[in-house]
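Trainee: Chains as they are written, first to last, in our numbering: chain A, -16 to 190; chain B, -16 to 190.
Where is the CB? At the ideal position from N, CA and C, for every residue including glycine.
Input: one structure, supplied below.
There are 2 protein chains.
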Amino acid sequence: MTLLLSHISKFISLTPEEAAYFESVLIRKKLRKRQYLIQEGDSVKYEHFVTKGCLRTYEIDEKGQEHVIQFAVEGWWTGDLHSFISGDPTTLNIDALEDCELEMVSRQALEDLYLRVPKFERYFRILIQNAFISTNRRVLSIMKMPAADRYKAFIERYPDIEQRVPNHQIASYLGITAQSLSRIRASLWNEKPEQSVRISHADPPHP
Amino acid sequence: MTLLLSHISKFISLTPEEAAYFESVLIRKKLRKRQYLIQEGDSVKYEHFVTKGCLRTYEIDEKGQEHVIQFAVEGWWTGDLHSFISGDPTTLNIDALEDCELEMVSRQALEDLYLRVPKFERYFRILIQNAFISTNRRVLSIMKMPAADRYKAFIERYPDIEQRVPNHQIASYLGITAQSLSRIRASLWNEKPEQSVRISHADPPHP
DNA sequence: CGTCTATTTGAATGTACTCAAAAGCGGTGG
DNA sequence: CCACCGCTTTTGAGTACATTCAAATAGACG
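Below you can see the structure in the form of structure tokens.
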């Protein structure tokens, strides 16, 4: 069974026919590292499920600053729901941090799917519900935790992502600069020196 | 037609029977100012639609600091989706800022409703979708805007709420202290003195 | 009126930022 | 294979914005 179908089956159960129908509307796509999936100004036509690789969603503000909104790895959906639904041009960019493989559903296919297999309405409701809950948590964590704690929480929660994504992008996700993150990491070194040797040749910085 | 039904009819259309069935599962509730709707530790049994009044959702951190997550006025849903769905005890508090009237749906009633009138699955999917999109925007605005701009954006977007809610709670919603908000407001005074007298008669700006 | 809460203001502190530059790492082409 | 180039990470110094603590003023409500 594909990664996507097994993901779906955690929430709803499909007959073989329903599963086959669903698979028939999917579009597959490969992306090379650094390629864009979506660029600012596009009208977003698909929602994307990641079967392989890692992507990031970010926005660029007036000052040219990038703000990372989301990382997506295997088993995650990504895209821009707002543009996907409204058809408005997106303000977001999504690009591949690694070579990627995606399964995509178009708006039309999804609407048809909702009518033909209403269970999918439930599947996506639950997905979005979970996404909503976790975004809410993120708002709270930005408001109530200092940056260092947010970083610790991040590596706790997404240890896999932390390994695959450059620090300055994690910094952006956390809402701080790369420099600040670097200093935070340095201060964690002193705090718990045991954990510092995890990767390999990483010596504690030394003045 | 009730406020709730007219809200629903913006997204799905119901037959009179479906509407009647829906209304039959609703529970009405009144709340006096300062009363709790939900308290930390509760297992949340209902989602609540506000037909009258104004409520706030907040969390208290280890240091005893309150963090306002949401305000809800007429036409909004409020509650704790996470606890509502999982049954876990909530970490949130919701209380009434004014005397309130609510319509409530229980988890069981909602599940039954989904089965009997699957269109509701769509209604709530769309609701949550919108909530998700706007929370995402909030994350971005916290990350990329200074507090003063966030405040300006807030009063633009929710002029009604701004009138009804004490400043220190707006400050909390914005993720800043009441003192900081007070200084921000003072600085807006100098910046655009014309707007400061909005309520009474408009004098030509004059330093 | 008096009490309680909300708002404002001041002064000192702190956290994260900007600007700038050095060091580290990785990929590419000669 | 190595030298070079570009990008990432680190470090330093000075700055800005928001915080804390404290106290005064202003409003609301009984």
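Note down the Cα distance separating B:Asn173 from A:Asn119, rounded to an integer number of angstroms.
Mentor: Counting from 1 along the second sequence, the entry for residue 173 of chain B is found at position 190. Counting from 1 along the first sequence, the entry for residue 119 of chain A is found at position 136. So the alpha carbons of these two residues sit roughly 35 Å apart.
Trainee: Alpha carbons only, please: which of A:Thr73, A:Val51, A:Thr(-2), A:Leu98 is nearest the one belonging to A:Pro149?
Mentor: Sequence index remark: in the first sequence, residue 149 of chain A carries index 166 (1-based). Of the listed residues, the one whose Cα sits closest to A:Pro149 is A:Val51.
Trainee: Just how far apart, CA to CA, sit A:Ala154 and B:Ala2?
Mentor: Position 171 of the first sequence holds residue 154 of chain A. Position 19 of the second sequence holds residue 2 of chain B. Going by the C-alpha atoms only, they are around 49 Å apart.
Trainee: How would you label B:Arg147, buried or exposed, when you count the other beta carbons within 10 angstroms and need 16 or more for buried?
Mentor: In the second sequence, the residue the question calls residue 147 of chain B occupies position 164. By the 10 Å Cβ count, B:Arg147 comes out exposed.
Trainee: State the DSSP-derived secondary structure class of A:Glu45, mapped to helix, strand or coil.
Mentor: Here residue 45 of chain A refers to the residue found at position 62 of the first sequence. Reduced to three states, the DSSP call for A:Glu45 is coil.
Trainee: May I have a chain-ordered list of the beta strand (DSSP E) segments no shorter than 3 residues that lie completely inside the region 69 to 112 of chain B?
Mentor: 75 to 79, 83 to 89
Trainee: Less than 8 Å between the beta carbons of B:Glu86 and B:Lys13, yes or no?
Mentor: Taking the second sequence and counting its residues from 1, one reaches residue 86 of chain B at position 103. Taking the second sequence and counting its residues from 1, one reaches residue 13 of chain B at position 30. It is not a contact, given that the beta carbons lie outside the stated cut-off.
Trainee: At a Cβ threshold of 8 Å, is A:Pro187 touching chain B?
Mentor: Mapped onto the first sequence, residue 187 of chain A falls at position 204. With a pLDDT of 39 at A:Pro187, under the threshold of 50, the modelled position of that residue is not reliable, and the figure given next carries that caveat. By this cut-off, A:Pro187 is not an interface position.
Trainee: At the level of alpha carbons, what is the spacing between B:Tyr106 and B:Thr74?
Mentor: Start at 1 with the first residue of the second sequence, and residue 106 of chain B comes out as number 123. Start at 1 with the first residue of the second sequence, and residue 74 of chain B comes out as number 91. Cα to Cα, the separation comes out at about 26 Å.
Trainee: Taking A:Val100 as the reference, which of A:Thr(-15), A:Ser(-4), A:His(-10), A:Leu(-13) has the closest Cα?
Mentor: Looking up residue 100 of chain A in the first sequence gives position 117. When each option's Cα is compared against that of A:Val100, the closest is A:Ser(-4).
Trainee: Rounded to a whole number of angstroms, what is the C-alpha to C-alpha distance between B:Ser(-8) and B:Ala79?
Mentor: To locate residue -8 of chain B, count along the second sequence from 1; it is residue 9. To locate residue 79 of chain B, count along the second sequence from 1; it is residue 96. Approximately 27 Å between the Cα atoms of the pair.
Trainee: So, B:Tyr19 versus B:Gly62, is the Cβ gap smaller than 8 Å?
Mentor: Taking the first residue of the second sequence as position 1, residue 19 of chain B is located at position 36. Taking the first residue of the second sequence as position 1, residue 62 of chain B is located at position 79. Against a cut-off of 8 Å, the Cβ pair of B:Gly62 and B:Tyr19 comes out as no contact.
Trainee: Give me the DSSP bridge partner(s) of B:Ala55.
Mentor: The residue given as residue 55 of chain B occupies position 72 in the second sequence. Answer is B:Leu38.
Trainee: Using 10 angstroms around the beta-carbon of A:Val180, count the other beta-carbons present and answer buried if the total reaches 16, otherwise exposed.
Mentor: Translated into the one-based positions of the first sequence, residue 180 of chain A becomes position 197. Because the pLDDT at A:Val180 is just 43, under 50, the model does not fix this residue reliably, and the value given afterwards should be weighed accordingly. Classification for A:Val180: exposed.
Trainee: Which chain B residues are close to A:Pro101, counting only those with a beta carbon under 8 Å from its beta carbon?
Mentor: Indexing the first sequence from 1 puts residue 101 of chain A at position 118. Result: Pro101, Glu104.
Trainee: Check each candidate in A:Phe54, A:Leu123, A:Asn113, A:Trp59 and name the one with the smallest Cα separation from B:Asp44.
Mentor: Here the question's residue 44 of chain B lines up with position 61 in the second sequence. Minimum Cα distance to B:Asp44 is reached at A:Leu123.
Trainee: Does any residue of chain B bring its CB to less than 8 Å from the CB of A:Phe137?
Mentor: The sequence position of residue 137 of chain A within the first sequence is 154, counting from 1. Taking Cβ atoms only, chain B never reaches closer than 8 Å to A:Phe137, which makes this a no.
Trainee: Work out the CA separation of B:Ser(-11) and B:Phe5 for me, nearest whole Å.
Mentor: Counting from 1 along the second sequence, the entry for residue 5 of chain B is found at position 22. Counting from 1 along the second sequence, the entry for residue -11 of chain B is found at position 6. So the alpha carbons of these two residues sit roughly 13 Å apart.
Trainee: Below 8 Å between beta carbons: does that hold for A:Gln112 and B:Ile111?
Mentor: As a first step, residue 112 of chain A is located in the first sequence; it is residue number 129 there, counting from the start. As a first step, residue 111 of chain B is located in the second sequence; it is residue number 128 there, counting from the start. For A:Gln112 and B:Ile111, yes; Cβs fall inside 8 Å.
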